[in-house]
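So for the sequence shown, UniProt numbering puts the first residue at 1; every next one is plus one. Comments concern the structure below.
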Amino acid sequence: MIVAAPEVARETGWPVLAVTSAFSAGLVASAIAGIPVGRMLDARGPRTVMTAGTALGVAGVVGVALAPNLWVFLAAWIVCGLAQSTLLYQAVFTVVIRRHGAGTQLPLTVLTLAGGLASTVFAPIVAALLGGLDWRATFLVLAGILAVVALPVTWFSLERRWPERRAAASTPEPADPVRAVLRTRRFWMLEITMLGIVAASFSATLAAVPLYMEKGFGFELAALALGLIGAGQVVGRLLFLVVPRRVAPWMPLAIVAVVTAVCLGLLAVVPGPPWLLVAIGMLAGAVRGAQTLVQASAVADRWGTRSYGAINGVFAAPVTIMMALAPAIGPAVAGGVGGYAAMTAIMAGVALVAAFTARAS
1 MIVAAPEVAR ETGWPVLAVT SAFSAGLVAS AIAGIPVGRM LDARGPRTVM
51 TAGTALGVAG VVGVALAPNL WVFLAAWIVC GLAQSTLLYQ AVFTVVIRRH
101 GAGTQLPLTV LTLAGGLAST VFAPIVAALL GGLDWRATFL VLAGILAVVA
151 LPVTWFSLER RWPERRAAAS TPEPADPVRA VLRTRRFWML EITMLGIVAA
201 SFSATLAAVP LYMEKGFGFE LAALALGLIG AGQVVGRLLF LVVPRRVAPW
251 MPLAIVAVVT AVCLGLLAVV PGPPWLLVAI GMLAGAVRGA QTLVQASAVA
301 DRWGTRSYGA INGVFAAPVT IMMALAPAIG PAVAGGVGGY AAMTAIMAGV
351 ALVAAFTARA S
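Put into structure tokens, the structure is as follows:
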């Protein structure tokens, strides 16, 4: 959508901000819908839920392509967001963790590495399609790709029911395990910690271009540095493979928070040279990549896998909303404090606070 937004705005006359806001509304809808979707995945297994979500996604993308006005365009993106709640990271994390139990490090890493390549693969595809088609035809082609590829994959590769459900039936469990977890201080400290890390990391790194330009970079070099922050995420996800599995669950979270605080603090105060600032940014990207996997395993590490989908749906919803808001938070704070370096320093402080709250999670 980011690639297509300028062309959508040009052809329709809709404001670019309105076009991108419709996409953000879909992300918020995805976060909210993730709560009941998590419960459905736990109760019914993934095949039906995720195949239905794929079909809904196809319908949503077709709706985007055919939208006659901005309100229908917005509604179609909300439909796409509902579909995303059944198909993107949180839902697929549920499948991996319910399927593999304790042995999730490698499959989670492979999954997020592949997911991280989505924009790398599809941004040039969308750009190429827009070079030969209008934006509406481009989205119809994308809907067709989704239908042809994802519908059979979700139907034929996913379990109809969780195999462990019958075997685990004799294991005592609270009548409402989600409510039992939500009543604990530990859950809310985990939520606060993750929100702090995500707010700090995403708000600062997504504003890397104006930050680097404040420090004397040209636009092209700043944009390249932003791309290298994204590349750093791949390294961070690979490093997750070597995280010891026998440490206390709060320790990986605390490490991510501390390293985030250090990286953002350095980005705020180091004046140069450019290669050093780029290297620090890549390290910040690596920590952001590791955060995705630490978040994925956080619920299972603390409360097991039985009700992972339902608990993780509640846990992930505010985090996903924070990610959707992060591109606006950085510039808003920078405008209030007089610059992007000052904003990044504040975000370093937020991450440092999260490092302290991690101990209680």
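Glycine included, each C-beta is placed from N, C-alpha and C at the ideal position.
For residue j and residue i, the rounded distance between their alpha carbons
i	j	result
A29	G81	5 Å
N69	V96	39 Å
P252	G132	47 Å
V258	A355	6 Å
A222	G339	16 Å
A18	V62	19 Å
V58	I78	13 Å
M343	W162	46 Å
V141	G230	27 Å
R44	L276	50 Å
L266	T260	10 Å
P177	T320	22 Å
D134	R10	11 Å
W250	T86	28 Å
P107	A300	15 Å
R47	A200	36 Å
G26	G144	20 Å
A316	V294	12 Å
I125	R183	46 Å
A31	A324	9 Å
F217	P15	29 Å
V72	L66	9 Å
Close Cβ partners of residue i (< 8 Å) along its chain, the five nearest in sequence each way excluded
i	result
F219	V209, M213
R186	R302, A360, S361
L146	T54, G57, V58, V61
L158	G45, P46, R47, M50, T51, V95
A168	Because the pLDDT at A168 is just 47, under 50, the model does not fix this residue reliably, and the point stays unresolved.
L113	V234, R237, L238
Cβ separation of residue i and residue j, assumed to be a contact under 8 Å, to the nearest whole Å
i	j	result
A254	A341	Not quite, the Cβ-Cβ distance comes to about 26 Å (not below 8 Å), so this is no contact.
T138	A4	7 Å
A207	A334	7 Å
V278	L211	Actually they are not in contact, since the Cβ atoms of V278 and L211 sit about 12 Å apart, beyond 8 Å.
Same chain only: Cβ atoms within 6 Å of residue i, ignoring 5 sequence neighbours per side
i	result
S203	A326, I329, G330, M347
A127	V3
M189	T357, A360, S361
S170	With a pLDDT of 48 at S170, under the threshold of 50, the predicted position of this residue should be treated as unreliable, though the coordinate-derived value follows. Cβ neighbours of S170 beyond the five flanking positions: none.
Cut-off 7 Å between Cβ atoms - residues of its own chain near residue i, not counting five sequence neighbours on either side
i	result
V181	F187, W303, I311
V353	G196
A91	V37, L41, M50, S85
L129	T138, V141
V350	G196, A199, A200
W318	The residue you asked about is not Trp; residue 318 is Pro in the sequence shown. Contacts found: E191, L195.
request  = Would you check if there are 3 or more beta carbon pairs closer than 8 Å linking the segment 226-240 to the segment 280-290?
outcome  = Yes, the segment 226-240 is in contact with the segment 280-290.
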